[in-house]
Amino acid sequence: MDQAVRAAALAELEDTGGWGAAAVKDGVTYYTRDGKPGFEETRGLKCSAELAPLGGDYLKAAKDKKKRRAALDAAAGEAAPLGVRVVQIRTGVVLGRDGGALAQMLTPFEFGLGGPMGSGKQVMPWIHIDDILRVVAEAINNPALAGAVNGTAPQPATNEELTGALAAVMRRPNLLRVPAFALKLLFGGQFAHELLLTGQRVVPRRLTDAGFQFAYPTLEGALREVVKGDTSGRAVDASASREKDE
């Protein structure tokens, strides 16, 4: 790793104005997509918990900001002498009304043109936007959390399950599967492969072990809130959650 980049990242962590904790957000694309040691079994499936091995995918090589994030990861290990507890939050697909991946999926479904991508079997770790905000607050306020923390819902879904749930909430069909070759032609082969056609079954082991309760633990409940504003699927009372965070 470039020592100048690492030094700059450590200086960034040091310049916290006396804060006791810092949260650094990244994506679950950090994790490799095969079953090397470090994966754990959950309901008979290979899952990436926080100790799973890191991957070397296209997104990490393609974007300069990944270099800075890797430097922050290395610098985080040197932050303890500075009195800074660093939590590295690795997020999945954030489900919210404004922007993001879901916003791009809504239009084709509104016209009845939605469907799975490729085989649809690729796993897409997700989290409701309310929950990722609560995860950041938990990371800052809970002294028991440090290091990598998966900011994903406890029930990851395949692309087929995600599009099926979205179609059900919107009362639209989920029939027009987008073939893999079309995605590769449109977005480029390696990009489509890494971002759209493969995935990781990521679980938030450290959050659940710390007793964190997700407001939207189920995909259907999260999508109903995002698409229709229906909060009936919320598992944690909003006011109670705010009081706990305070």
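So the sequence shown is residues 3 to 248, counted in my numbering.
The C-beta atom is built at its ideal place from N, Cα and C for all residues, glycine as well.
Query, Result
"Please classify G153: is it buried, with 16 or more other beta-carbons within 10 angstroms of its beta-carbon, or exposed?", "buried"
"Quick check: the segment 146-162 against the segment 205-219, are at least 3 beta-carbon pairs closer than 8 Å?", "yes"
"Since R208 sits in a beta bridge, which residues does DSSP pair it with?", "Note: R208 sits in no beta bridge, so no partner."
"Decide if the segment 221-234 is in contact with the segment 186-200; the criterion is three or more beta carbon pairs, one per stretch, under 8 Å apart.", "no"
"According to DSSP, is Q157 helix, strand or coil?", "coil"
"On a Cα-Cα basis, can you pick out the residue from E140, M107, L115 that is closest to A176?", "Note that residue 176 is Asn in the sequence shown here, rather than Ala. Checking every option, the nearest Cα to that of N176 belongs to L115."
"Smallest Cα separation from Y218: which of F183, Q90, G85, L97?", "L97"
"Would you report the Cα separation of E162 and D100, rounded to the nearest angstrom?", "22 Å"
"Can you tell me the Cα-Cα spacing of R87 and V138, whole angstroms?", "13 Å"
"Smallest Cα separation from F216: which of H130, G102, E196, R179?", "H130"
"Within 10 Å of its beta-carbon, does A184 have 16 or more other beta-carbons around it, so buried, or fewer, so exposed?", "exposed"
"In chain order, what residues of the same chain lie with their CB nearer than 8 Å to the CB of W128, ignoring the 5 residues before and after it?", "G94, V95, V96, L97, T154, A155, P158, A159, L164, L221, A224"
"Leaving aside the five residues before and after L135 along the sequence, list all residues of the same chain whose C-beta is less than 8 Å from its C-beta, in chain order.", "none"
"What is the rounded straight-line gap between the Cα of G40 and the Cα of F113?", "Caution applies to G40, whose pLDDT of 39 falls short of 50 and renders its modelled position unreliable; the value that the coordinates give is listed next. Going by the C-alpha atoms only, they are around 43 Å apart."
"What's the gap between the Cα of V238 and the Cα of A170?", "24 Å"
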